[in-house]
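Data block below; observations after.
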Amino acid sequence: MLNIKIRSKILLTILVLSVTACTAAAPTQSPESPAGATPISTQISQGNNTSPENEVLTSALQRIETTAEPREQQLLAADLNAFGLDLYQLLAAEPEGNLFFSPYSISLALAMTYAGANAETKEQMAQTLHFTLPDDQIHSSLNNLDQSLYVVPEYIENGEGNFQLNIANAIWGQSGYPFRQEYLDLLAQSYGAGLRIMDFKTAAEPARLEINDWVAQQTEDKIKDLIPQGALTSDTRLVLTNAIYFFGAWLHEFSEDATQPADFYLNSGKTFQTDMMNMEERFSYVKNSDLQMVEIPYFNSRYSMVLLMPLETELDQLTNTLDAVGLQDLLDNLISGQAILSMPKFKFESSFSVNQALKDLGMVNAFTPGAADFSGMYEPDGDPLYISDVIHKAFVAVDEEGTEAAAATAVIMGIESAMPEEVEPVSLVFDHPFLFLIRDRESGLILFLGRVTEPLQ
């Protein structure tokens, strides 16, 4: 019987997307629905009560609960993974330093923004995000995939458990700004997001604190101060946030008694001692003269962590040419067999703006005042909007018992194959910089992606 020790493990990411007005704002008005629009309901915000109205405007329409065909989910996941690997290439351009982010979190926040894009801005976003589904299916398909990922926390006792995955979306809009009801309806039906009323014009700093407070609540306090001071201004009109919290105990725990200090080899050629976890178990893996890959299942075996390390070159030489198709080919060729796995414990946080990477991938107009077209978000009398910042922050901790991870994104706008015959266990030692990811094995979706160049010392 498995001896599952219950201890909090989190994998977390947060994304913030800020949308800013291109021109001076009109005088503040009381928020109201456009004529003939679907009625909206008003609820009390549960933030730290710093915004003047503290209201949440939600569409009268409920989130659509549907079950998608597995093939549809796999096609969408492949598109999202292609964007994730593109983004990794750019974020990993600096050869040194750990890296961790959630391509899925970033995709969701940008998809909520894409819902209001038009013309060339929309075309550039679709190409950057690798959206290949018909436009009228994208948001419903994301809704289907997102809801399929929901997992009821397993073996919960005294507030603790061995597996949990929470995904939350929220949008924060300027009081009096004429948001289109159709846009709010789409966000409600496909993303379960309501519009929280803020006063960026006269209270940008209190608004920032309230949004950061929401993020901290959604991520069990693992992501704090996501939006830095000064990122929100009187020109900010809309902030879109996505938070992901992941806690997973390993299906087979590493024994703490087997953890031993060992050398880890840095890109510089230097070595240092770090705690290496060790286990002999049956894993799915690939090992050849060029690389080694192993898949480590969580207690909920729908999800797993995958490690990939080159054997003859440095990590960046391998990942510079690795795309979603190549990664999937490796995953499709995993074999099951007995292996002795040795990997380091690690824990770190990544925080960065994704603006330049998105521009480099072709999403230029969205960030350019005068060229950005997000007219699907607001009525004709609203100030034109553009994206001023896309901020992402992520945290990961991996040890003998499992993984804890979290991530958040904010967009700020303003003006197994068959088993081989039994042989001696293969040795899989991850003592050089390696790539790691956490994925949904049913759809193939990559939830988190990163690299370890320097684990815990």
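Each step along the sequence shown adds one to the number in the numbering used here, with nothing skipped, and position 65 is 424. Glycine is no exception: its CB is placed at the ideal position from the N, C-alpha and C atoms. Since the model is a prediction, treat every value here as computed from it, not as a measurement.
According to DSSP, residues forming a beta bridge with residue i
i, result
"Met702", "Met636"
"Ser710", "Lys752"
"Phe793", "Val811"
"Thr630", "Tyr624"
"Lys646", "Gln651"
"Thr379", "Thr595, Gly773"
"Gln433", "Note: Gln433 sits in no beta bridge, so no partner."
"Val723", "In DSSP, Val723 forms no bridge with anything."
"Phe696", "This sequence places Gly at residue 696; Phe is not what is there. According to DSSP, which records beta bridges pairwise, Gly696 is partnered with Phe642."
"Leu744", "Ala380"
"Ile423", "Its beta-bridge partners do not exist; DSSP assigns none."
"Tyr737", "Phe538"
"Ile805", "Arg798"
"Tyr657", "Trp609"
Residue i versus the options, residue with shortest Cα-Cα distance
i, options, result
"Leu444", "Glu455, Pro462, Gln433", "Pro462"
"Ile699", "Glu738, Val749, Glu639, Asn724", "Glu639"
"Leu585", "Leu815, Val378, Lys752, His611", "Lys752"
"Asn528", "Ala547, Ser648, Ala730", "Ala547"
"Gly589", "Arg567, Thr762, Ala441, Asp572", "Arg567"
"Tyr737", "Glu541, Leu439, Thr425", "Glu541"
"Ile465", "Glu801, Asp790, Asp748, Arg800", "Asp748"
"Thr561", "Leu554, Trp573, Leu591", "Leu591"
"Gly803", "Thr727, Ala683, Leu717, Lys706", "Ala683"
"Ser500", "Gln715, Tyr550, Leu610", "Tyr550"
"Asn503", "Gln651, Gly741, Thr425, Leu554", "Thr425"
"Asp799", "Gly761, Pro537, Leu693, Pro656", "Pro656"
"Pro537", "Pro784, Ala380, Pro728, Val755", "Ala380"
"Ala452", "Thr762, Leu677, Glu569, Leu667", "Leu677"
"Ile423", "Lys583, Thr472, Asn521, Ala552", "Ala552"
"Glu455", "Leu690, Tyr624, Pro728, Glu759", "Tyr624"
"Lys706", "Gly761, Leu667, Pro669", "Gly761"
"Gln432", "Ser418, Arg810, His498", "His498"
"Glu763", "Glu482, Asn521, Gln421", "Asn521"
"Ala617", "Pro784, Glu759, Ala441, Ile582", "Glu759"
Beta-carbon proximity of residue i to residue j, cut-off 8 Å
i, j, result
"Val665", "Leu545", "no"
"Phe605", "Leu458", "no"
"Glu671", "Ser648", "yes"
"Met557", "Ser593", "no"
"Gly607", "Arg641", "no"
"Gly735", "Arg539", "yes"
"Leu508", "Leu492", "no"
"Asn601", "Ala436", "no"
"Ile746", "Val598", "no"
"Asp726", "Leu744", "Correcting the residue type first, residue 726 is Phe in the shown sequence and not Asp. No. Outside cutoff."
"Lys704", "Val653", "no"
"Asn679", "Thr812", "no"
"Gly532", "Arg596", "yes"
"Ala716", "Leu439", "no"
"Ser614", "Leu693", "no"
"Leu808", "Phe460", "yes"
"Ile530", "Ile603", "no"
"Thr480", "Ala731", "yes"
"Asp495", "Ala621", "no"
"Gln651", "Leu787", "yes"
"Leu543", "Val415", "no"
"Phe711", "Ile582", "no"
"Lys629", "Val785", "no"
Boundaries (first-last residue) of the beta strand (DSSP E) holding residue i
i, result
"Thr600", "595-608"
"Val665", "662-669"
"Tyr624", "619-624"
"Asn525", "522-533"
"Leu458", "458-460"
"Leu585", "No beta strand (DSSP E) contains Leu585, which DSSP labels as neither H nor E."
"Leu674", "Run containing Leu674: none in the beta strand (DSSP E); it sits in the alpha helix (DSSP H), 674-678."
"Ser786", "785-788"
Limits of the alpha helix (DSSP H) - the one that residue i falls within
i, result
"Ser499", "497-507"
"Arg539", "Run containing Arg539: none; DSSP gives neither H nor E here."
"Ile570", "559-577"
"Val684", "683-691"
"Leu488", "Premise fails: Leu488 is in no alpha helix (DSSP H) and is neither H nor E."
Query raised in the report: Any contact of the stretch 475-491 with the stretch 712-730, i.e. 3+ C-beta pairs under 8 Å?
Result: yes
Query raised in the report: Are three or more beta carbon pairs between the stretch 569-587 and the stretch 756-767 nearer than 8 Å?
Result: yes
Query - Stretch pair the stretch 625-638 + the stretch 656-663: three plus CB contacts closer than 8 Å - result: no
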